[in-house]
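J.: Handing you a structure now.
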Amino acid sequence: MELRKRSTGLKVETTVKELKAAEKSPHGRTPPTSTTELRSRSSSTVEIDLTQKLQRHNDIAGMLERNEIAPLIPSSSQPVTCDMCDALWTGLSFSRDRCHTLLFADESASALFEFRPSGVICDQSCLEFAASFVKKHPSLQSRTEYLGYRAAMEPNQSGVFRITVEKAVDLPSVRWVGRSDPYVRLALLPYVVRYVSSMIPDMRRRWNEPVQTKACMSGGKNPTWTDDHANEIRLQHRCNSSNNPVPTLEVQIWSDNYMINDDLLASTLLSTAPLLLHPNVTFSRWFTVASKSSHRARISFAMTFEPQARLRRIVSSIDTDEIVRDHRFRVHSLKSVGVILASCAVCERVIMSTTKTQWGYRCEDCGIDVHKSCMMLANTNLPCPNRDYAMADDDDENGMAPRPPRPRYVLSPRDRTGGGYLVVQPDEPPKLTFGKLFVNLQGVHVCSKACRGNDHATNVFAGDTYCRLAVDGMSRETKEVYKTADPVFDDKTCFVITHRDATFQLDLVDLNTNVSVGSLSVLLFELLQLDADDSVRAVASHLSMRGNAPEVALLAHGQPLPLKLKHAVVGLARISLHYEEEKQKLLLYVPKQRKVLQGREEKEFSVETLRTNMDRLGRVLQLAPWLEQQYLAIITWKHKPRSAIVLVLFTFVCLFLNAEYMPALLFYLALVYMLHTALLRLKGDYLTKWIAYDEDMMEQTKLFRPVATLHAAVLDADVPPARKDSHYIFVKVLYLPNDADQDDLGLVYSGGDQFLVGRTHSVRYTPHPKWRDASNVISHLSPPGLFRANAQPKKEHVFRNAHVSWPHVHDCTCQSCTTSSVAAKGVDYHTLVYPLLQAAKHFDNGRELLVPWAAFPGLLRFEVYSTQDDSGGGGAVPETLVATATVPLVRVVGLTEKTLSLPLEIHNDTDGQHRAGDMNLTVRLQIKLPVTSRGVASAAEKKWSNFVIEALAEKDKASTLGTALFGALWKAKDTTKMVQNGIGRLCATVVCTQNLFNWTHPWKTALVFAVCLAGAILFSIVPARYIILFGGLMEFVAGLREDRPPSNTARNILWNFISSLPTDMDLIQTYDVQRTQYVEERTKVEKIENAACRRLKFQALWMGTVVAKMEHERAWKTLCLAYRQSRFVFWKSMDDADMCLPPQGQLIIDRPDDIKEIPDLMARKADDPPFIFYVLGNTGESYQDKRFFGFADKSVRDEILAVVRASFKH
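Take the sequence shown: its position 144, counting from 1, is numbered 144 in UniProt numbering, and each next residue is one higher.
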């Protein structure tokens, strides 16, 4: 025993006198006694405290005598720490001083002790803490039991920290004269406090306001605080969420100064985790505090944590429920009555405001009013009596107030291991329910400025929030979580569903304003569809079937869902939703189910709803022509294997099937269709249908008509002598499709008898005019010309007057090729281009086939006109037809090019008779046939073909019957509303019926499959006439019995079954996120295809948007630039080009050297683009022009220069 005493450094017999000396000096030194300090405390209080400490020390001594405490020597292989504080108090203590951080180690961390038989290990400083704990829990007889106790203890819970400040030693001296007056300030922090500056803490980040003792006058370096100094401090701790941080105790010792700022003597931060794990244990302990001048400063506290009382209520004779009655505070406008003012139930102070109406917080259950700062204290000190239960308790069994129903909990089919879900159902018991919605709300994250994209900041200390859950007319509010942007609710709720088309709504509500700051909306059909897709995906995975459709997860398990406010994402909700449909009620007779299904479409009139329903009607009506096209594709052997199979089946049915069993064929067809849709469902094509729901169903069945390109250049002519009023001459080129069905040929009509290809420029009227002379090339722009600024430009057809530069062949012997320079040899700058659709023929059986190019029926007509002005006939200038020439285009099909001399038919203006002569017109023609890769057209070529077809058949939309009809419907609002809702009901019924067969919900389609199979077998065995007779007799018998006819029952069951399926709008909203991704990808592809189509439309080798300016201009302008062969054409904008407005100008170049690049390092202005080149060319008005083009990207500039150089090489 003596050896044990010396090793521990403790004495067994301890008297009050020795304990007083030990209280003066914890390090074994006895400082001189201060008479002033002893006089400041009453002798009775000192004796009581010393008696309690003496008792605790004697208890420890007794344990040592009984060998219940033994020293422990830890090994290096298995390090051991203190079980009471987990080395949080005996390790390194943290403190923040003015400009630096100090770390101190506790000297007592080296000596360890073990309590027997509990197995608790502690160090010397926590010896009293451990002894008090062991004495309070004598049932712990092994270390395993102690570790089990700690595992079952909540690491964070609400309660009160009771801390008694006793004394401090070795504090630094900050006064030159006299002794300092120290006091202690304590505060709970959610985590390490953030300081605004070196010494000013951020008070907004605290759980509670700091609490301090009174100053110990002349306490000096070794002060002692007594009851007279208010040294007992209570700190409230509120924990109502699992992510609430464990509070940290901030300890600061200050020196009170008169008329100047107080001085900080020492400080430290202490974790409260040891107190939370060992509640209701009172002990005293010394802690090291950080100080700038003293490294041995310490302070002594008597500490205990009292958790919030948990009220137990017996709800039955068998089990009990543990209920923590928290308040449900909501912001309220508290009005005073006369001179009576609203007061706080916690602090009993008046809830003040600048107006007569005070804003306070009222509990929705018990009705007490509190300040905002007192809400946490109310939950800790004044538990909610729960007014409904309180009223029920006050009455006896025969009283008027019945006991409220006991909260009922159920288990989720997917979460049977977790806790139960609180059942929420309508106030009135429902007559019929369709399922249960299980909601597991884990928590919410509110986005702040620190959140960037998918990177979300956590532990942002701001906001008091709660969530409101609502569905099918029922609502429930969760608990409130204070002072965090990441509240954790851990709320499990089960809603009883009475309407299938209900929508679940989650609102995140700000407790301070009672206003929703974010919401989440989910259809019940979305949850059903999620289960259906999961089951289909599991079957497809088991069968190793993979389709081309994208992987779709509507509400991925474990993935947070976005909270939105006015279409903007403001947060994320960690929530799990599961809708368990009562499948056994699908075949029940449910009254008015037809109204329930079609009632979804009953909406108030709006243009947007009408437009949506018109689109839906268009998609539904497309089913009929789609079926017709499929039928035509089968009988016309478009797909030979499919047509052969259908022919064999049709022959078998006609030869061997008895007419009595024809109804069985309908069921067999339904079975085949459902097997086909099941295969599509497993491959993922079904999801693609609803993701890309607005695509044209007829697009795949349309006949693709390739587009060839016509090049026509007028060279010269021999014409009769000019009249007196004719000074200029030009040629109009017309295209005649010649496909009007006049001789019952069956050609598909192009939409017009003739189309203007373009016109040449005007030249002087001579007997032999020439248009090939490059010096006479002028702008091809429609009159008024480029330099007629006061005239409004005329909108033209996109194909009209499109000019390109067409090089001659190498062995050309024309005058231009023999006399001109090599660089400008053989180029027709005035060549007209025009798209030619391949002709198609429509047969009586509905089949459409392309007419070979060798039998192309189109014609090309050249009309020679004379005029008085060279403006090309613009305005009121008369034009006179001089002669015409016509050539069948089949003559030049398949040729590289051909120069023709066409005879002219002369028109005499005096007598109107035609006279033939030696007059002719020389033209150069070529038809470039389309080339497709492996016979398959690209998407851009298909778009280009459709655009040509629509452009040739365009009409004035303002005068159509549809516009007038819509205007009339708009005037009659009620009629329009009726039409709108009728369309919506029709579309909903058709789509729900369609979804019944295409495995939208696999278990429902499987049931229909079984019914169809049973019907097929029944009608295969029993003749149809007997079944029809039996059904008729049942109808008559039901009428005699005044019972409901079986047909009515079957029809009602069918409506009930169909109403459980989603409509097209439900599925569209379900796959809205995936559709957004699909539209984004499709938009990128369409952008590339539209660019390729635009280049084909304008006969451009390159086309895009650039910035440009002339040589003497200062500012850069944005232009749409297109490069054709040896020609730059530009518009004011890309929209002007798409609207078929004439170009602003052009630059004709003879050689690549006409384009000069400006070096990137050349000095330039600040607003100049980084990459520039200029073009020196002919404007078409017989003069040269220089224009600069700028690019922000070097690759764009290099691309257009490469295209230009490549065009001169061919």
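Glycine included, each C-beta is placed from N, C-alpha and C at the ideal position.
Per DSSP, which residues does Ser-284 bridge with? Please list them.
T.: For Ser-284, which the question treats as bridged, DSSP gives the partners Ala-302.
J.: I'd like the span of the alpha helix (DSSP H) that includes Gly-148, first residue to last.
T.: Gly-148 -> alpha helix (DSSP H) spans 143–152.
J.: From Pro-138 to Gly-159, what does the alpha carbon distance come to, in whole angstroms?
T.: Roughly 24 angstroms separates the two Cα atoms.
J.: Tell me whether Gly-420, by its Cβ, gets closer than 8 angstroms to a heavy atom of the ligand SAH.
T.: For the ligand SAH, the structure offers nothing, since it holds no ligand at all.
J.: Looking at the unbroken alpha helix (DSSP H) that takes in Ile-949, where does it start and where does it end?
T.: Where Ile-949 is concerned, the enclosing alpha helix (DSSP H) stretches over 939–952.
J.: Just checking my contact of Leu-88 with Ala-290 at CB under 8 angstroms: how many whole Å lie between their CB atoms?
T.: Between Ala-290 and Leu-88 the Cβ distance is about 16 angstroms, and since that is not below 8 angstroms, they are no contact.
J.: Is Ser-576 near Asn-440, with beta carbons less than 9 angstroms apart?
T.: It is a contact, given that the beta carbons lie within the stated cut-off.
J.: Return the CA-CA distance between Arg-1185 and Asn-1178, expressed in angstroms with no decimal places.
T.: The question names Arg, but residue 1185 is Asp in the sequence shown. Between Asp-1185 and Asn-1178, the C-alpha separation is close to 6 angstroms.
J.: Figure out for me which residue from Glu-863, Phe-434, Ser-938 and Arg-452 has the closest Cα to the Cα of Ile-906.
T.: Per the Cα distances, Glu-863.
J.: Quick one, which of Ala-664, Val-134 and Arg-468 has its alpha-carbon nearest Ile-1021's?
T.: Of Ala-664, Val-134 and Arg-468, the residue nearest in Cα terms is Ala-664.
J.: Rounded to whole angstroms, what's the CA-CA distance from Gln-904 to Tyr-749? Just pull it up for me.
T.: Per the sequence presented here, residue 904 reads as Leu, with Gln not at that position. C-alpha separation (whole angstroms): 29 angstroms.
J.: Going straight from the alpha carbon of Val-246 to that of Cys-126, what length do you get?
T.: Straight-line Cα distance between these residues: approximately 20 angstroms.
J.: From which residue to which residue does the alpha helix (DSSP H) around Asp-263 run?
T.: Unbroken run through Asp-263 is the beta strand (DSSP E), 263–271; no alpha helix (DSSP H).
J.: Answer yes or no: do Pro-930 and Ala-708 have a C-beta to C-beta separation smaller than 9 angstroms?
T.: In this structure, Ala-708 lies closer than 9 angstroms to Pro-930 by Cβ.
J.: Which residues bound the alpha helix (DSSP H) around Trp-1003?
T.: Here the alpha helix (DSSP H) through Trp-1003 covers 1002–1021.
J.: Are Glu-879 and Thr-867 close, meaning C-beta to C-beta below 9 angstroms?
T.: Yes, the pair counts as a contact, with Cβ atoms nearer than the cut-off.
J.: To which residues of the same chain is Thr-1049 closer than 7 angstroms at the C-beta, ignoring the five residues directly before and after it?
T.: Cβ neighbours of Thr-1049 beyond the five flanking positions: Tyr-589.
J.: Taking the alpha-carbon positions, what's the Ile-1068 to Thr-651 distance?
T.: When rounded, the distance between both Cα atoms is 41 angstroms.
J.: Which residue from Cys-366, Gln-308 and Val-1079 puts its Cα closest to that of Arg-330?
T.: It is Cys-366 whose Cα lies nearest to the Cα of Arg-330.
J.: Would you kindly report the start and end of the unbroken alpha helix (DSSP H) that includes Met-1103?
T.: First-last for Met-1103: 1102–1110, but that is the beta strand (DSSP E), not the alpha helix (DSSP H).
J.: Taking only beta-carbon positions, decide if Arg-408 is within less than 9 angstroms of chain C.
T.: Reference to chain C is not applicable here, since this structure consists of a single protein chain.
J.: Answer with buried or exposed for Tyr-1183, where buried requires no fewer than 16 other C-beta atoms within 10 angstroms of its C-beta.
T.: Its Cβ having fewer than 16 others within 10 Å, Tyr-1183 is exposed.
J.: Buried or exposed, going by whether 16 or more other CB atoms sit within 10 Å of the CB of Trp-771?
T.: It is buried - the Cβ of Trp-771 has at least 16 other Cβ atoms within 10 Å.
J.: How many Å lie between residue 1211 and Pro-172 at the Cα?
T.: What is shown of the chain runs 1 to 1210, which leaves residue 1211 out entirely.
J.: Would you kindly work out how many angstroms separate the C-alpha atoms of Asp-1153 and Phe-1208, rounded to a whole number?
T.: Using only the alpha carbons, I get a separation of about 11 angstroms.
J.: Would you tell me roughly how many angstroms separate the C-alpha atoms of Glu-582 and Ile-1058, rounded to the nearest one?
T.: Approximately 15 angstroms between the Cα atoms of the pair.
J.: Whole angstroms is fine: what's the gap from Asp-1193's alpha carbon to Thr-248's?
T.: So the alpha carbons of these two residues sit roughly 57 angstroms apart.
J.: Can you tell me whether DSSP reads Glu-863 as helix, strand or coil?
T.: Strand, per DSSP.
J.: Per the DSSP calculation, residue 1212 is bridged to which residue(s)?
T.: What is shown of the chain runs 1 to 1210, which leaves residue 1212 out entirely.
J.: Can Phe-495 and Val-522 be called in contact, C-beta distance under 9 angstroms?
T.: No; because the gap between Cβ atoms is not below 9 angstroms, this pair is not in contact.
J.: By how many angstroms is the C-alpha of Val-1203 removed from the C-alpha of Leu-710?
T.: If I take the Cα positions, the gap works out to 22 angstroms.
J.: Run through the DSSP bridge pairs and tell me what Glu-879 is partnered with.
T.: Partner(s): Thr-867.
J.: Helix, strand or coil for Thr-455 per DSSP?
T.: Checking the displayed sequence, the identity of residue 455 turns out to be Asp instead of Thr. Here Asp-455 sits in strand by DSSP.
J.: Give the single residue among Val-827, Leu-902 and Val-809 whose Cα lies nearest to the Cα of Asp-1150.
T.: Considering only alpha carbons, the answer is Val-827.
J.: When DSSP labels each residue in this structure, what does Pro-1159 get in the three-state scheme?
T.: In this structure, Pro-1159 counts as coil in the three-state DSSP scheme.
J.: Could you compute how far the alpha carbon of Tyr-728 sits from the alpha carbon of Asp-869?
T.: Rounded to the nearest angstrom, the two C-alpha atoms are 6 angstroms apart.
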